[in-house]
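Let me begin by presenting the structure, written as C-alpha cells, before commenting on it.
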Amino acid sequence: MNEYESEIKNYLKENHIIDYTILDKEKGLIPMTCYPFFEKNTDSYFKIGTAGGWSKPSTGYTVKNSLEKIDLILNYLKKDKPLSKISFKNRFWYYDLLFLDVLIESKGNGSKVFSDLFRNNDPIKIFKFLDEKTSFREELSIFLSVNVMTFVRSLFKRILNFSI
Ligand SMILES: Cc1cc2nc3c(=O)[nH]c(=O)nc-3n(C[C@H](O)[C@H](O)[C@H](O)COP(=O)(O)OP(=O)(O)OC[C@H]3O[C@@H](n4cnc5c(N)ncnc54)[C@H](O)[C@@H]3O)c2cc1C
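If you're matching positions, the sequence shown starts at 12 in our numbering and goes up one per residue.
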C-alpha cells in the first residue's frame, strides 16, 4: 500500500500537481478464487461483475472479462435462451485453478512466478493468454516456461483431488 501511495505522490510531483487534498482512500480485496459463483444463477436471478465471479482468479482483472460476458448474456437474451444454462467453466477456468495452486505451492513467492512468466515469454503472448485468446500450443509453451516441477506437482495434486 505504501508503494502505491509513494508512486501516486511521485506522479503528482512530476506533473507539478502540489496543491491537493486527499479526501478518501480506496481500499479493496480481489477474490482470487475459482469458486463457481455461476452455479447459483437462475433464469431470473443472475449475478454479474465481481459478485458473479467475473474477476479473473489469477489476476483480478474484471473489466475486460465483463465486456465479453455481457455480450454472451445479451446473445442469450436475444435468442430467448435460458440464462441458467450459461456456464463460465472453460479450459481457462481450469488453468486459473491450477495457477492458484502454483501460487500456493510457491509459498509466498508469487511475485517470482509472475516475473518468470514475463521474463521467459513474449509479453504479448502473456497478455493474450490472460485475455483467454491463446491456442493450446501457446498455452503449453507458457506452462513449460515456469517452474515445471511446481506446475507438475500442482497438477498431480489437483488430479488426485478430483478423483477422490
Ligand atoms: C485494488 C484493486 C484494483 C483493481 N484493479 C483492477 C484493474 O486494473 N482492472 C480490472 O479489470 N479490475 C480491477 N479490479 C477489480 C475491480 O474490483 C473490478 O474491475 C470492478 O470494480 C468490479 O466492479 P463490480 O461492479 O463488479 O464490483 P464493485 O466495484 O465492487 O461494486 C459493487 C458495489 O456494490 C456494493 N454492494 C455490495 N453489497 C451490497 C449490498 N448488499 N447492497 C447494496 N450494495 C452493495 C458495494 O459497496 C460496491 O459499491 C481491482 C480491484 C481492486 C480491489
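Where is the CB? At the ideal position from N, CA and C, for every residue including glycine.
All values reported here derive from a predicted model rather than from experimental measurement.
Backbone secondary structure at residue 167 - three-state DSSP:
For this step, residue 167 is matched to residue 156 along the sequence shown. DSSP places residue 167 in helix when its eight states are reduced to three.
Three or more C-beta pairs below 8 Å linking the segment 95 to 105 and the segment 113 to 128:
No: the two stretches stay apart, fewer than three of their Cβ pairs being nearer than 8 Å.
Helix, strand or coil, according to DSSP, for residue 160 in the structure here?
Looking up residue 160 in the sequence shown gives position 149. If DSSP states are grouped into helix, strand and coil, residue 160 belongs with the helices.
Leaving aside the five residues before and after residue 155 along the sequence, list all residues of the same chain whose C-beta is less than 7 Å from its C-beta, in chain order.
As a first step, residue 155 is located in the sequence shown; it is residue number 144 there, counting from the start. Nothing listed; no residue qualifies.
Output yes or no for whether 7 Å exceeds the beta carbon distance between residue 52 and residue 65.
Taking the first residue of the sequence shown as 1, we reach residue 52 at position 41. Taking the first residue of the sequence shown as 1, we reach residue 65 at position 54. No; because the gap between Cβ atoms is not below 7 Å, this pair is not in contact.
Cβ-heavy atom distance between residue 71 and ligand 1 below 6 Å?
The residue you call residue 71 lines up with position 60 of the sequence shown. Distance from the C-beta of residue 71 to the nearest heavy atom of ligand 1 is below 6 Å.
For my contact list, residue 41 and residue 71 are in at a C-beta cut-off of 8 Å; report their separation, rounded to the angstrom.
Counting from 1 along the sequence shown, the entry for residue 41 is found at position 30. Counting from 1 along the sequence shown, the entry for residue 71 is found at position 60. About 4 Å separates the Cβ atoms of residue 41 and residue 71, confirming a contact at the 8 Å cut-off.
Residues of its chain near residue 162, where Cβ-Cβ distance is below 7 Å and the 5 sequence neighbours each way are ignored
If you number the sequence shown from 1, residue 162 lands on position 151. A distance below 7 Å between beta-carbons, with the five flanking residues on each side excluded, links residue 162 to the following residues of its chain, in chain order: 113, 154.
Helix, strand or coil at residue 60 according to DSSP, with G and I counted as helix
Your numbering for residue 60 matches position 49 in the sequence shown. Note: residue 60 maps to helix in three-state DSSP.
So, residue 50 versus residue 103, is the Cβ gap smaller than 7 Å?
In the sequence shown, residue 50 corresponds to position 39, counting from 1. In the sequence shown, residue 103 corresponds to position 92, counting from 1. Going by C-beta atoms, residue 50 is not nearer than 7 Å to residue 103.
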